[in-house]
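Participant: In the working numbering, the protein residues as written are 1111 to 1811.
Got a structure for you, written out below as structure tokens; questions coming shortly.
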């Protein structure tokens, strides 16, 4: 009798592959790992199924069944519970199980070279790392009743926090912790971890949307739970660091894992609590390859294993708020700032009445100067990287565009030189010395990015300590954490920051927030635009005045600086702008309710379910024909509306023309059935690059 194994590997559109299991190896089980030949390559695969058969059963099948090369013991076996998560993700997002497995397993562990021995070493690199992790765990000892014994906190819980904690502990149903910015959601996370750990030390999984949030949260939880074993998992770590943290979590050597969206797949046993902090954030949605939502998978994972789930945010997503209305998720609110300070008041600067000077209205310059004189910090929020988003010719109207994309290349200052960088495809080139169309040597720059605003502030306040926080400047997690640490410790006077500054950070001396370019996103065509802009403005406004004034400058001017937020806009009467300035928690909820009503009336998520088929090809006619063919093929699906194919904005990226076909249905099951039919047809009938996105965040990108 032969033992056959079906193994999945990380390869697009490749189903389980059948291999012969060597009789010299122990009998395999689903969830174990093996090194197998795939074409001319070697790959690490996950055993999906096993069966026994007679050798004669392989006669006449038309191909040679190859043999497994080795069993991989360094990677822990995946249990049925975790296999269930992987299979669900594969079904829901219409990807092969091998691709989901590849997303789950760090690249270091997938590399065959890490699993090979040599005459010079007793163990493979993977075995060496697994032994290292095991030895570390033995030195630290097993979890005990002291694991989650918290270090006493210097401040008692506020009444809001006490009520929230009591409500969260009273019922195991999934909960949305809707806390105003500065209300102390992290403190509530700490207390519920401590309470759940009193009876038995289960595992805790904490998801955050940004790499920059992990060090701060890790340090805080480690200080509060000095006996707990914590780990961080995110893309800013080295390949080996990610591999080590993953194996520590998967083998039970960690008590608390803090990570970005990739951490949702880590096969941790005995998870008692899953926290999704800043659950509204778009960063939880993977935009390449397996386009999964870590928030949605966290919800499914918690429900499937009976773990508690907390979705925390000051600006909950409309999807989560709709789940609250349906009763599937309960709402727990915290309305007041934990420090006892009043929420910073939001003001609008009408740009029809104040002419900007170097991008900022005169009143913003005055406010920044007063804050600087008072020894306190200002944040100038400008959500555009680079120097200028557009380079143009005033003589003939020429506008610089990326050669490979239908998008403007952004002017960046690099040291003493200048570069045009496409934020779509990454193309970098030198700017022209004269207009390519008419030869005009005087080119104009339109708009202001973070570099240009920083330069203007440095010139206006030469004595100020100015720090720019954007993805051009913060090139590594270490640099990002150093920048945030400098702000927290008061070594910075003025911060020029992009969206990196809007999420979850607590800066004690930050009193003034100035928003430069809110209008840039006010009229974006995507239906999620108002929700996203409202959340962004509330989040960035919440950085101001979270603590009582602690200015080191002792004078009357310092005492007069009150926490505040100033947003400059050409549209002060816009409903969103009026809503952002309306005081109170209930005003914000009223705006979200209005957005939900609009979505329901328009038949948009969360009241309808969407899927996008995206297509790309270098030939415009080929991709258009393929999109039309998909539309014709899908018209027969019942209960699903198929919209005519349209170009995706921007239409050309990296020299490929992009089209898309939108599917919509009231029934999630009918939508998935239609998508599955299209996916099967495309696998054999479409020659262009295609991808399927379930629950798309938008129609552009």
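Yeah, the Cβ is synthetic: ideal placement off N, Cα and C, and Gly gets one too.
Bear in mind that the values here come from a model prediction, so they are computed numbers and not experimental data.
(1) Figure out for me which residue from 1254, 1729, 1727, 1579 has the closest Cα to the Cα of residue 1561.
(2) Is the distance from the Cβ of residue 1727 to the Cβ of residue 1771 below 7 angstroms?
(3) With the cut-off set at 7 angstroms, would you say residue 1287 and residue 1422 are in Cβ contact?
(4) Counting along the chain, where does the beta strand (DSSP E) carrying residue 1341 start and finish?
(5) Tell me the DSSP secondary structure of residue 1126 in three-state form.
(6) Beta-carbon within less than 7 angstroms of residue 1124's beta-carbon, same chain only, minus the 5 sequence neighbours each way: which residues are those?
(7) What residue range does the alpha helix (DSSP H) around residue 1325 cover?
(8) Run through the DSSP bridge pairs and tell me what residue 1288 is partnered with.
(9) How about residue 1117 and residue 1157: do their beta carbons lie closer than 7 angstroms?
(10) If I measure Cβ to Cβ from residue 1806 and keep anything under 7 angstroms in the same chain, skipping five residues before and after, which residues do I get?
(11) Taking the continuous alpha helix (DSSP H) assigned at residue 1588, which residues delimit it?
(12) What would DSSP say about residue 1165, mapped onto helix, strand or coil?
(13) Anyone know if the C-beta pair for residue 1470 and residue 1498 falls short of 7 angstroms?
(14) Can you look up residue 1778 in the DSSP assignment and give me helix, strand or coil?
(15) Ordered along the chain, which non-local residues of its own chain (more than five positions away) have a Cβ less than 8 angstroms from that of residue 1666?
(16) Could you give the first and the last residue of the continuous beta strand (DSSP E) run that contains residue 1144?
(17) Helix or strand or just coil, what does DSSP make of residue 1499?
(18) So what does DSSP say about residue 1795, is it helix, strand or coil?
(19) Could you work out which residue in 1637, 1648, 1626, 1709 is closest to residue 1678 when comparing CA atoms only?
(20) Report the residue ranges of all beta strand (DSSP E) runs contained in full by the segment 1460 to 1491; include only those spanning at least 3 residues, in chain order.
(21) Alpha carbon to alpha carbon, what distance is there between residue 1530 and residue 1538?
(22) Roughly how many angstroms lie between the CA atoms of residue 1664 and residue 1330, to the nearest whole one?
(23) Do you know offhand how far residue 1252's Cα is from residue 1161's?
(24) Please classify residue 1450: is it buried, with 16 or more other beta-carbons within 10 angstroms of its beta-carbon, or exposed?
(25) Per DSSP, what kind of secondary structure is residue 1568 in: helix, strand or coil?
(26) Under a three-way DSSP split, which group does residue 1741 fall into?
(27) Can residue 1522 be considered in contact with the ligand PLP, in the sense that its beta carbon sits closer than 6 angstroms to one or more heavy atoms?
(28) Hey, residue 1199 and residue 1210: beta-carbon distance below 7 angstroms or not?
(29) In the structure shown, what three-state DSSP assignment does residue 1214 receive?
(30) Name the two residues that bound the continuous beta strand (DSSP E) containing residue 1116.
(31) Does DSSP put residue 1196 in a helix, a strand or coil?
(32) Which residue or residues does DSSP assign as beta-bridge partners of residue 1766?
(33) Could you tell me if residue 1457 is buried or exposed, where buried requires 16 or more neighbouring beta carbons within 10 angstroms of its beta carbon?
(34) What residue from 1710, 1300, 1573 has the CA that sits closest to residue 1384's CA?
(35) On the DSSP bridge assignment, give the partners of residue 1369 in chain order.
(36) Quick check: the segment 1756 to 1771 against the segment 1727 to 1737, are at least 3 beta-carbon pairs closer than 8 angstroms?
Facilitator: In brief:
(1) 1579
(2) no
(3) yes
(4) 1340 to 1343
(5) coil
(6) 1206, 1208
(7) 1324 to 1334
(8) 1423, 1443
(9) yes
(10) 1720, 1722
(11) 1587 to 1598
(12) helix
(13) no
(14) helix
(15) Below a pLDDT of 50, predicted positions are generally treated as unreliable, and residue 1666, at 45, falls in that range; no measurement from the model is reported.
(16) 1143 to 1148
(17) coil
(18) helix
(19) 1626
(20) 1487 to 1491
(21) 6 angstroms
(22) Low local confidence applies: a pLDDT of 42 at residue 1664 is under 50, so the model's placement there is unreliable, with the coordinate-based value given in what follows. Their Cα atoms are separated by approximately 31 angstroms.
(23) 37 angstroms
(24) exposed
(25) helix
(26) helix
(27) This structure simply doesn't include the ligand PLP, nor any ligand for that matter.
(28) yes
(29) helix
(30) 1112 to 1118
(31) helix
(32) 1763
(33) exposed
(34) 1300
(35) 1317, 1343
(36) yes
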